[in-house]
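To start, the structure under review is shown below, and the notes come after it.
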Amino acid sequence: MRKIRIAVVAFNDILPFHLSVPCGVFAAVLRDEQSPFRLRVCSAEGRRVRSASGFMIATDYGLDELRNADIVIVPSWRSAEERPPEPLLEALRRAAARGKRIVGLCMGAFVLGHAGLLDGRRATTHWFATDELAACFPTAEVDPDVLYVDAGQVVTSAGAAAGIDCCLHLVRQLLGSEAANRIARRMVVSPFRHGGQAQFIEQPVPSMAGDERMAKLLDEVRRKLHQPQNLDEIAVRAAMSRRSFTRHFRQLTGSSFGDWLMAQRLSEAQRLLETTGLPLDRIASAVGLGSPVTLRQHFQRAFRTSPANYRRTFNAGKAA
Numbered sequence: 001m002r003k004i005r006i007a008v009v010a011f012n013d014i015l016p017f018h019l020s021v022p023c024g025v026f027a028a029v030l031r032d033e034q035s036p037f038r039l040r041v042c043s044a045e046g047r048r049v050r051s052a053s054g055f056m057i058a059t060d061y062g063l064d065e066l067r068n069a070d071i072v073i074v075p076s077w078r079s080a081e082e083r084p085p086e087p088l089l090e091a092l093r094r095a096a097a098r099g100k101r102i103v104g105l106c107m108g109a110f111v112l113g114h115a116g117l118l119d120g121r122r123a124t125t126h127w128f129a130t131d132e133l134a135a136c137f138p139t140a141e142v143d144p145d146v147l148y149v150d151a152g153q154v155v156t157s158a159g160a161a162a163g164i165d166c167c168l169h170l171v172r173q174l175l176g177s178e179a180a181n182r183i184a185r186r187m188v189v190s191p192f193r194h195g196g197q198a199q200f201i202e203q204p205v206p207s208m209a210g211d212e213r214m215a216k217l218l219d220e221v222r223r224k225l226h227q228p229q230n231l232d233e234i235a236v237r238a239a240m241s242r243r244s245f246t247r248h249f250r251q252l253t254g255s256s257f258g259d260w261l262m263a264q265r266l267s268e269a270q271r272l273l274e275t276t277g278l279p280l281d282r283i284a285s286a287v288g289l290g291s292p293v294t295l296r297q298h299f300q301r302a303f304r305t306s307p308a309n310y311r312r313t314f315n316a317g318k319a320a
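Just so you know, UniProt numbering puts 238 at position 238 of the sequence shown, and the rest follows in order with no gaps.
Written out as structure tokens, the structure is:
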């Protein structure tokens, strides 16, 4: 089976953390001898580039390697004001023209924008630069609130650690949620963070007295996804008014209770599709979505594929 080839672009003054994000996520998979991935770090500025921490990064691969890649990742960029070198932009355009997937993490979204790859697409970047991204590339639809945006061929993420979320999303699409979960556990990070980057602007939301009670309540909800979950009843069980619960929940998670609950139900549906041969009506019932029609609608909206296609991709051996 041909390996999925991933090219990660390095450049002078790159922050080591930004480079390590895609390398770390995919290296966790590469430890398996049967890994479908082959990762190459490709320099945009010579075989030796200087990191922002002062040490040198050497690689045998240059921009020519982008021709051989299935996925090209630009992990960041030096500055929103600096136009990237034309050879890099042209290499990205050629890769996109060949149908390759292009990923811009954090400030890497600006590199994709200069290459013309954000025109007419949704995109995001680090929260402090979203206004600048929108001003530089007015035909892009910049979403300042999300951790990453999957616009099909082009994927962008918010700042720093949101690149981990984005890369795990790619693994989830390519290998399934269980593989992404294993990598997340190995890296000691959440396999899927709910909410957007708005919760991280300026400072994290401080811990509140009801957090422990809330955590226990949400664990119970996860265990009983098949049951109806009424917001008013949940608020009472949390010893809050509906309004206080809604505000507190959004502060803690960055999303509404309804959006969080739907994400939990769809995540469990993914797991059941991957690991069982249960028919769709039983999966829909098990996750609290009632009917296969409702499950298909929400699954298609969230993952841009049908439950049947997802099962064929990730669970052909157990498909009913």
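Don't be surprised by glycine CBs; every beta carbon is placed ideally from N, CA and C.
Counting only the Cα atoms, Ala135 lies some 17 Å from Thr156. Judged by DSSP secondary structure, Phe110 falls within the alpha helix (DSSP H) whose first and last residues are Gly108 to His114. According to the DSSP assignment, Leu39 belongs to the beta strand (DSSP E) that extends over Phe37 to Ser43. For Pro138, the number of other beta carbons within 10 angstroms of its own is below 16, and it is reported as exposed.
Within the same chain, Cβ atoms closer than 8 Å to the Cβ of Glu178 are found at Arg271, Glu274 and Thr275, the five residues on either side in sequence being excluded.
In this structure, Phe314 and Gly116 do not form a Cβ contact; the two beta carbons are roughly 34 Å apart against a cut-off of 8 Å. Comparing alpha-carbon positions, the option among Gly288, Phe26 and Glu82 lying closest to Lys3 turns out to be Phe26.
Secondary-structure assignment with DSSP links Val155 through a beta bridge to Val103 and Asp150. About 6 Å separates the CB atoms of Leu105 and Ser76; that is less than 8 Å, so the two are in contact. Around the beta carbon of Phe257, 16 or more other beta carbons lie within 10 angstroms, which makes this residue buried.
The shortest C-alpha to C-alpha distance from Asp119 to any of Pro16, Phe128, Leu39 and Glu141 is the one to Glu141. The three-state secondary structure of Ser190, taken from DSSP, is coil. Arg121 sits close to Val154, with the two beta carbons spaced by under 7 Å. Counting along the chain, the unbroken beta strand (DSSP E) around Arg5 starts and ends at Ile4 to Ala10. Residue pairing by DSSP places Arg122 opposite Glu141 in a beta bridge. DSSP lists no beta-bridge partner residue for Val287. The beta carbon of Arg265 lies closer than 7 Å to those of Leu225, Val287, Gly288 and Leu289 in the same chain, with the five residues before and after it left out. Arg47 and Met56 do not touch by the CB rule: their CB atoms are close to 10 Å apart, not below 8 Å.
According to the DSSP assignment, Met262 belongs to the alpha helix (DSSP H) that extends over Phe257 to Thr275. Under the 10 Å beta carbon count, Val8 is surrounded by 16 or more other beta carbons and is classified as buried.
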